[in-house]
Amino acid sequence: MLEQPVLTIDAIGRKCPVPIIMLAGRLREVPIGAVIAVTADDPAARTDIPAWCRMKRHTFVAEVPLSRGSAFHVQRMY
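The opening residue of the sequence shown carries number 1 in full-length UniProt numbering; numbering runs sequentially from there.
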């Protein structure tokens, strides 16, 4: 069972690196341990968001396909 995101950031139509900038800017709005989702249709998001999570030591949880793009679920670790 996938944990439901506490916050969803709509980055549909935005190109790299905007989805990452939006995620980084709003991550602290959710409690530590909570999941935040970024919806994006830029193909680069598929590699950029997990790479950002590794670099920043947050947990990339899942990519959930949507009718347009995907929702990338990230768990805030600190």
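From the three backbone atoms N, C-alpha and C, an ideal C-beta is built for every residue, glycine too.
Measure how close the beta-carbons of residue i and residue j come, nearest whole angstrom, since I'm counting them as under 8 Å.
i, j, result
"V18", "A11", "6 Å"
Measuring CB to CB, does residue i end up less than 8 Å from residue j?
i, j, result
"Q75", "V35", "yes"
"S70", "A40", "yes"
"M77", "R46", "no"
Return the chain-ordered list of same chain residues with a C-beta closer than 6 Å to the C-beta of residue i, the five sequence neighbours on each side being excluded.
i, result
"A44", "C16"
"I20", "D48, W52"
Tell me which same chain residues have a C-beta within less than 8 Å of the C-beta of residue i, skipping the five on either side of it?
i, result
"L2", "V61, A62, V64, H73"
Mind checking residue i: buried by the 16 CB within 10 Å criterion, or exposed?
i, result
"residue 88", "Because the chain is modelled from 1 through 78, residue 88 falls outside the range shown and cannot be assessed."
"R14", "buried"
Meets three-Cβ-pair contact criterion under 8 Å: the segment 59 to 72 and the segment 25 to 32 | no
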